[in-house]
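S.K.: Residue numbers for the sequence shown follow the working numbering, so the first one is 20 and each next one is one higher.
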Amino acid sequence: MNKNILFKCCALLLLLVVVSCKKKDSILGKDVIDPYAYLNGTTTDTFDIITTIIEEDSIITDNAANVVLGSYNDPKFGKFDASFYTQLRLAGVNPNFGDVSTIVVDSFVLALEYVGYYGDLSPQTFEVYELNEDLYLDYTYYAFTNKNTKPGNLVPVGTELMTPDPFNKAVVGGDSLLPQLRIQLNTSLATALINEATSGSTTFASNESFLSYFKGLKVKTNNGTQASGTGGILYFNINSPASKATIYFTQDGVQKTYDLLINTSCADFTHVEKDITGKPLEQLLQNESLGNIEFYAQAFNFRALVKIPGLNNLKKNQLIHRANLHLPIQFQSNYRYKPGLNISVATRIKEAVQTYTNLGVLGSYDDYTKEFSVDLKQYTQAIINKDIENTGIILSPRYFINSAERIVFNGKNTINKAKPRLVVTYTTY
20 MNKNILFKCC ALLLLLVVVS CKKKDSILGK DVIDPYAYLN GTTTDTFDII
70 TTIIEEDSII TDNAANVVLG SYNDPKFGKF DASFYTQLRL AGVNPNFGDV
120 STIVVDSFVL ALEYVGYYGD LSPQTFEVYE LNEDLYLDYT YYAFTNKNTK
170 PGNLVPVGTE LMTPDPFNKA VVGGDSLLPQ LRIQLNTSLA TALINEATSG
220 STTFASNESF LSYFKGLKVK TNNGTQASGT GGILYFNINS PASKATIYFT
270 QDGVQKTYDL LINTSCADFT HVEKDITGKP LEQLLQNESL GNIEFYAQAF
320 NFRALVKIPG LNNLKKNQLI HRANLHLPIQ FQSNYRYKPG LNISVATRIK
370 EAVQTYTNLG VLGSYDDYTK EFSVDLKQYT QAIINKDIEN TGIILSPRYF
420 INSAERIVFN GKNTINKAKP RLVVTYTTY
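(1) How should residue 142 be labelled, buried or exposed, when 16 other C-beta atoms within 10 angstroms of its C-beta is the threshold for buried?
(2) For residue 411, collect the residues of the same chain with a Cβ closer than 7 Å to its Cβ; drop the 5 residues on either side in sequence, then sort them by chain order.
(3) Taking a contact to mean a Cβ-Cβ separation below 8 Å, would you say residue 159 touches residue 79 in this structure?
(4) May I ask you to list the residues that DSSP assigns as paired with residue 355?
(5) Could I get the ranges of all uninterrupted alpha helix (DSSP H) runs contained in the stretch 281-338, with 4 residues as the minimum, in chain order?
(6) Kindly list the residues whose CB is nearer than 7 Å to the CB of residue 168, restricted to its own chain and excluding five residues on each side of it in sequence; keep chain order.
(7) Considering residue 129, what are the terminal residues of the beta strand (DSSP E) in which it resides?
(8) Output the residue ranges of the beta strand (DSSP E) runs that lie fully inside the stretch 237-288 and measure 3 residues or longer, sorted by chain position.
(9) Given this structure, state the Cα-to-Cα distance separating residue 202 from residue 130, to the nearest angstrom.
(10) Who are the Cβ neighbours of residue 262 in its own chain at under 7 Å, not counting the five residues just before and after it?
(11) For residue 372, tell me which candidate among 407, 393, 340, 355 has the shortest Cα-Cα distance.
(12) Give me, in chain order, the residues of the same chain whose beta-carbon lies closer than 8 Å to that of residue 70; leave out the 5 immediate sequence neighbours on both sides.
(13) Where does residue 137 land, buried or exposed, given buried means 16+ other C-beta within 10 angstroms?
(14) Comparing C-alpha positions only, which one of 62, 345, 96, 64 sits nearest to residue 356?
(15) If we ignore side chains and look at the alpha-carbon of each, how far apart do residue 420 and residue 135 end up?
(16) DSSP three-state call for residue 348: helix, strand or coil?
(17) Evaluate contact between the stretch 331-346 and the stretch 394-404, counting only Cβ atoms and requiring at least three cross-stretch pairs below 8 Å.
(18) Quick check on residue 156: does DSSP put it in helix, strand or coil?
(19) Can the beta-carbon of residue 122 be found less than 8 Å from the beta-carbon of residue 233?
(20) Let me know if residue 274 comes out buried or exposed under the rule of 16 or more other beta-carbons within 10 Å of its beta-carbon.
(21) With DSSP run on the structure shown, which of helix, strand or coil describes residue 141?
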């Protein structure tokens, strides 16, 4: 073969190989390039962000997914103290206790099924009181609502202090039960209930009659002065079959039980008291500008407010591809007062409207970056389209009426490295 021809063939083959390699590199590159780059969009993160809080004073807490009980003392938020009220209902009408003279009441126990906790699991002092005021299932109850109780703690002296254990099953009479707090009640109350049921009255003939006689319970803690950064809040599913008040008694040598139920037909609500005196939270309420250093959110009472005035400067001919709000927080891993996994996101659609509209997105927490991120794409586009007014973003712990979560956000003037920022990518057409 002619050497010139052979050289041309080799050169052509080498060219094909090189072209083939470049094509493959280009395809692999597409997998790692931000897809928004293909839109030739503009990305900016220079928006001014103004931050503060909103104090709520009328939070409805009746018949939530769970009740909240306990107390903690937070260095920034102060004292958080939660109790709850609930009715009890009959497992069956007109119970037959037989000859009450043969009954010996062994114990009376209020069992509450755990569904979680917040803070630490140090010992707490529990108290229970009989209500002296009716509850109603169709009434609205708030975190500030109080109901009158009869005098006298129903928890026997010496049994009030208990260490919560939401992880291990309770063992009762050889049976393994779901993790639950088991509060001892005075056996004298159990005896009085049995005597009433066998007195010939109509008290136990219906739940309506029983609730008129025994209106329910208030369950609280009495932990006195707690050191800053200590304490915890317990979460209970009182609509679980495991949550109930049980009389354990012996009759003619036979051990028996009688249950009073807590279920969805019972009215219940959580009551919360807070003392923020001298705390950074109180200082922020007195001086809104401090929110630009750090700002807060806490279940039952305080929501974070983020305002981004620069969104009003976006033009009608700009299409938003993404708008991510990054909210760094102050939290050290394994600290007892941790943020939840998500925050709720809402707004007021107009300045004149006081109600909140949920934006249909959740802010998600990343423990590695120590920040919440919120997708504000649709919110930003809605402002551009004049569908809503730019009143600000309202952020709350996701479980606002049935948790004790609190969050400390960094403001734009924080002394910490990470600051809040909004990153927007858009195309102008």
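For glycine and all other residues, C-beta sits at the position ideal for the given N, C-alpha and C.
The structure displayed is predicted, hence computed values, not measured ones.
M.R.: Quick look at the numbers:
(1) Here the question's residue 142 lines up with position 123 in the sequence shown. Of the residues assessed, residue 142 falls on the exposed side of the cut-off, its CB having fewer than 16 other CB atoms within 10 angstroms.
(2) Locating residue 411 in the sequence shown gives position 392, where the first residue counts as 1. Cβ contact annotation for residue 411 (same chain, cutoff 7 Å, sequence separation greater than five): 324, 325, 326, 366, in chain order.
(3) The sequence position of residue 159 within the sequence shown is 140, counting from 1. The sequence position of residue 79 within the sequence shown is 60, counting from 1. Residue 79 is positioned such that its CB atom lies closer than 8 Å to that of residue 159.
(4) On the sequence shown, residue 355 is found 336 positions in, with the first residue counted as 1. The partner list for residue 355 (beta bridge, DSSP) is empty, contrary to what the question assumes.
(5) The DSSP assignment places 299-305 as complete runs of the alpha helix (DSSP H) inside the stretch 281-338, in order along the chain (cut-off: 4 residues).
(6) Residue numbering aside, residue 168 sits at position 149 when the sequence shown is read from its first letter. For residue 168, where only same-chain residues beyond five positions count, the Cβ hits under 7 Å are 148, 149, 150, 151, 237.
(7) Sequence index remark: in the sequence shown, residue 129 carries index 110 (1-based). Following the DSSP letters along the chain, one finds residue 129 inside the beta strand (DSSP E) bounded by residues 122-138.
(8) Within the stretch 237-288, the complete beta strand (DSSP E) runs of at least 3 residues are 249-256, 263-270, 273-280.
(9) Looking up residue 202 in the sequence shown gives position 183. Looking up residue 130 in the sequence shown gives position 111. Rounded to the nearest angstrom, the two C-alpha atoms are 6 Å apart.
(10) Start at 1 with the first residue of the sequence shown, and residue 262 comes out as number 243. Apart from sequence neighbours up to five positions away, the residues of its chain that approach residue 262 with a beta-carbon distance below 7 Å are 130, 131, 132, 255, 256, 281, ordered along the chain.
(11) Along the sequence shown, read from residue 1 onward, the residue named residue 372 stands at position 353. Nearest Cα to residue 372 within the set 407, 393, 340, 355: 407.
(12) The sequence position of residue 70 within the sequence shown is 51, counting from 1. If you ignore the 5 residues before and after residue 70, its C-beta comes within less than 8 Å of the C-beta of 310, 311, 314, 323, 324, 325, 326, 428, 430, 431, 439, all in its own chain and listed in chain order.
(13) Here residue 137 corresponds to residue number 118 of the sequence shown, with the count starting at 1. Buried is the call here.
(14) For the purposes of this step, residue 356 is taken as the residue at position 337 of the sequence shown. Out of 62, 345, 96, 64, 96 has the C-alpha closest to the C-alpha of residue 356.
(15) Along the sequence shown, read from residue 1 onward, the residue named residue 420 stands at position 401. Along the sequence shown, read from residue 1 onward, the residue named residue 135 stands at position 116. Residue 420 and residue 135: Cα-Cα distance of roughly 14 Å.
(16) Translated into positions along the sequence shown, residue 348 becomes position 329. Three-state result, residue 348: strand.
(17) Result yes; three or more Cβ-Cβ pairs closer than 8 Å.
(18) The residue given as residue 156 occupies position 137 in the sequence shown. The answer is coil: DSSP assigns residue 156 none of H, G, I, E or B.
(19) Translated into the one-based positions of the sequence shown, residue 122 becomes position 103. Translated into the one-based positions of the sequence shown, residue 233 becomes position 214. No, these two residues do not count as a Cβ contact at 8 Å.
(20) As a working note, residue 274 is residue 255 in the sequence shown. Residue 274 should be labelled exposed.
(21) Counting from one through the sequence shown, the residue named residue 141 turns up at place 122. Annotated three-state conformation of residue 141 is coil, per DSSP.
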